[in-house]
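Report on one structure; see the data block that follows.
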């Protein structure tokens, strides 16, 4: 009976709307997209970040060939394509979602391939007839050369002209179009964009990308976002100019991406490559998923979404096959422009504060927000060319979420992170010294002399010790006004004994016998600079202590135990 109730509860829970644990801004998407993201998450329990990025990538690819965006500060219209990077562990559902969401594009590629096969078959017939006719014309010219006096009608010059004209009209072999590039080389990507300059680099396991060809080749990828011209040398030695327009959606395991960030992010950020991306790290749902056999809600939403994608693709088929694109230029309404300006001011404030380590990414976030708004406008089939303030507001909210994700992912490049590493390094170094001298106070200047080289600047070391004092890990003390400053270890209560109103350490092989004092901050520290309890000229009791209550200014909370 319990099994029956358990089954009923599982079915009931599977049909409930699941809590958005990641805080992904799904409610800021247009209804067709938000309902798809919600239902796919509810039915599959795949992380919402994976689904949201796949939906954004599909919408970007569907709209990038149809619209561009004119911003007030730029006379050249912006592309409306997005670059997205999703970090998710293996087994989270990256491949499953990509296949489902991107299905219309693969159908469209099959359609383009069928057209290519038809054109190729037609070409084979035409080129064979062209060759036959070429031979006939060549024989006529050859005969005219051998017997110039016997020719009647057309002159030799006219026959030569007919040969040249025929050569000029040689049928051109059709080129196979590619819209989606997955595990591809840089050469294949560039050659493909020479045939059709609009496409998508879509990979649900982008290991090859991060470990292979693109780690120092960002030219065409940068141009594919900004819309510039890329000079390409073809295999036959001829030069051509490509104006690439790319949607990039890369999904990979966190370890792969973070390893790349640490080794190659300096290069990538310097050339602006990473700055163009919308970053997200999926919060794992593995271990919290329940069995579900009813996918009717998500299938219904997928069908609606796919129908819209197909409609947009049908509008651009001629552009794609001819590689000649004619786009509608969208503009921001006055109110939408005001929203973007306010968002820009907010971003500028953050660049100067806690998000300075992602300033390159933040500097592009206003443009990315405008692109998202343009995609929403296009996807909603709005007939006018003005983007509403509602779309712009929603796009800015979405970008705020992505900016927070980038802030966390690249935290290791921040000054705060480096400061935390410095604090930990000094703390563990100091801990070893205290253990070596049996937890006897040490003069600050002595510590500065023996500290690792990079910390021997008095100012830098003082800031680190202030942080340790603020966290009650050490204490400052002096035996007289203006005297030398000592760094005191915080003593464990387990080694303290009380006799009347006095406290003493329990001496052992690791702790020296000394008098201790209980400070108002609640910690025990040595009462004198030297072991023992005698009050001599060189071992006067400390009269002034500086504890966590006395440290002010900008302080962090450094987790000493995290490595």
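In this note's numbering, the protein residues as written are 10 to 572.
Backbone N, C-alpha and C fix where the C-beta goes; we use that ideal spot for every residue, glycine too.
Note that this is a predicted model, so its numbers are computed, not measured.
Go through its chain and collect everything with a Cβ distance to residue 215's Cβ below 7 angstroms, but skip five positions before and after it. Close CB contacts of residue 215 within its chain, under the 7 angstroms cut and outside five residues either way in sequence, are with 259, 260 and 261 (chain order).
Rounded to whole angstroms, what's the CA-CA distance from residue 478 to residue 188? Just pull it up for me. Straight-line Cα distance between these residues: approximately 59 angstroms.
CB residue 386 to CB residue 322, shorter than 8 angstroms? No, Cβ-Cβ distance for residue 386 and residue 322 is not below 8 angstroms.
Evaluate residue 99 with the Cβ neighbour count: other Cβ atoms within 10 Å of its Cβ, from every protein chain shown; 16 or more gives buried, anything less gives exposed. Residue 99 should be labelled exposed.
Does DSSP put residue 250 in a helix, a strand or coil? Three-state result, residue 250: strand.
Can you give me the C-alpha to C-alpha distance between residue 348 and residue 392, rounded to a whole angstrom? Their Cα atoms are separated by approximately 22 angstroms.
Can you tell me whether residue 127 is buried or exposed, with buried defined as 16 or more other CB within 10 angstroms of its CB? With fewer than 16 Cβ atoms within 10 Å of its Cβ, residue 127 is classed as exposed.
Mark residue 285 as exposed unless 16 or more other C-beta atoms lie within 10 angstroms of its C-beta, in which case mark it buried. So residue 285 counts as buried.
Pop quiz: residue 234 and residue 92 are said to be a contact at Cβ under 8 angstroms. What is the actual Cβ separation, rounded to whole angstroms? Sure, about 6 angstroms apart at Cβ, within 8 angstroms.
Beta strand (DSSP E) segment containing residue 487, residue limits: DSSP places residue 487 inside the beta strand (DSSP E), whose first and last residues are 483-487.
In whole angstroms, what is the alpha-carbon distance linking residue 429 and residue 78? Distance from the CA atom of residue 429 to the CA atom of residue 78, rounded to whole angstroms, is 42 angstroms.
My output table needs one value for residue 224: the three-state DSSP class, helix, strand or coil. Per-residue confidence for residue 224 stands at a pLDDT of 49, beneath the threshold of 50, marking its modelled position as unreliable; the derived number appears in the next sentence. Note: residue 224 maps to coil in three-state DSSP.
Spatial distance of residue 191 from residue 200 (CA atoms): In a straight line, the C-alpha of residue 191 is about 14 angstroms away from that of residue 200.
Can you tell me whether residue 254 is buried or exposed? The criterion is at least 16 other CB atoms within 10 Å of its CB, across all chains shown. Counting Cβ neighbours within 10 Å, residue 254 comes out buried, since at least 16 surround it.
From residue 360 to residue 425, what distance separates their C-alpha atoms? Their backbone Cα atoms lie some 14 angstroms apart in a straight line.
Could you tell me which of 506, 517, 486 and 493 sits nearest to residue 556, measuring between CA atoms? Taking only the C-alpha atoms, the option nearest residue 556 is 486.
Residue 439 burial status per 10 Å Cβ neighbour count (16 or more: buried): So residue 439 counts as buried.
Residue 111 in three-state terms, based on DSSP: Reduced to three states, the DSSP call for residue 111 is coil.
Any contact between the region 392-402 and the region 366-374? By contact I mean 3 or more CB pairs, one from each, below 8 angstroms. No, the region 392-402 is not in contact with the region 366-374.
Candidates 180, 289, 310 and 533, of which the one nearest residue 142 by Cα: Among 180, 289, 310 and 533, the Cα nearest to that of residue 142 is on 180.
Taking three-plus beta-carbon pairs below 8 angstroms as touching, is the region 47-66 in contact with the region 287-298? In short, these stretches touch, since the Cβ pair count reaches three.
Endpoints, the beta strand (DSSP E) within which residue 289 is located: Unbroken beta strand (DSSP E) run through residue 289: 286-290.
8 angstroms Cβ shell around residue 335 - same chain, five flanking residues per side excluded: Once the five neighbours on either side are set aside, the close Cβ partners of residue 335 are 328.
With the cut-off set at 8 angstroms, would you say residue 495 and residue 453 are in Cβ contact? In this structure, residue 453 lies closer than 8 angstroms to residue 495 by Cβ.
Where does residue 494 fall in DSSP's three states? Three-state result, residue 494: coil.
Out of curiosity, what's the CA-to-CA distance linking residue 55 and residue 49? Distance between residue 55 and residue 49, taken at the CA atoms: about 8 angstroms.
Can you grab the Cα-Cα spacing for the pair residue 220 / residue 409, in whole Å? Between the alpha carbons of residue 220 and residue 409 lies a distance of about 30 angstroms.
What's the call for residue 444, buried or exposed, on a 16-neighbour Cβ count within 10 Å? Its Cβ having fewer than 16 others within 10 Å, residue 444 is exposed.
Whole alpha helix (DSSP H) elements within the region 439-476, 4-residue minimum: When DSSP assignments are scanned along the region 439-476, the uninterrupted stretches of alpha helix (DSSP H) that are 4 or more residues long and fall wholly within it turn out to be 453-459.
Selection from 307, 435 and 136 that minimises the alpha carbon distance to residue 462: Distance check between residue 462 and each of 307, 435 and 136 places 435 closest, using alpha-carbon atoms only.
Does the distance from the CB of residue 87 to the CB of residue 380 come in under 8 angstroms? With respect to residue 380, residue 87 sits close: the two C-beta atoms are nearer than 8 angstroms.
Spatial distance of residue 382 from residue 112 (CA atoms): It is roughly 24 angstroms from the alpha-carbon of residue 382 to the alpha-carbon of residue 112.
Straight-line gap, residue 560 to residue 475 (C-alpha atoms, nearest Å): Taking the CA atoms as reference points, residue 560 sits about 7 angstroms from residue 475.
From what residue to what residue does the alpha helix (DSSP H) around residue 64 run? Taken as a continuous stretch (DSSP letters only), the alpha helix (DSSP H) holding residue 64 covers 57-72.
Do residue 407 and residue 432 count as a contact pair if the criterion is CB distance below 8 angstroms? No.
Please identify the residue among 305, 319, 411 and 345 whose C-alpha is closest to the C-alpha of residue 364. Answer by Cα proximity: 411.
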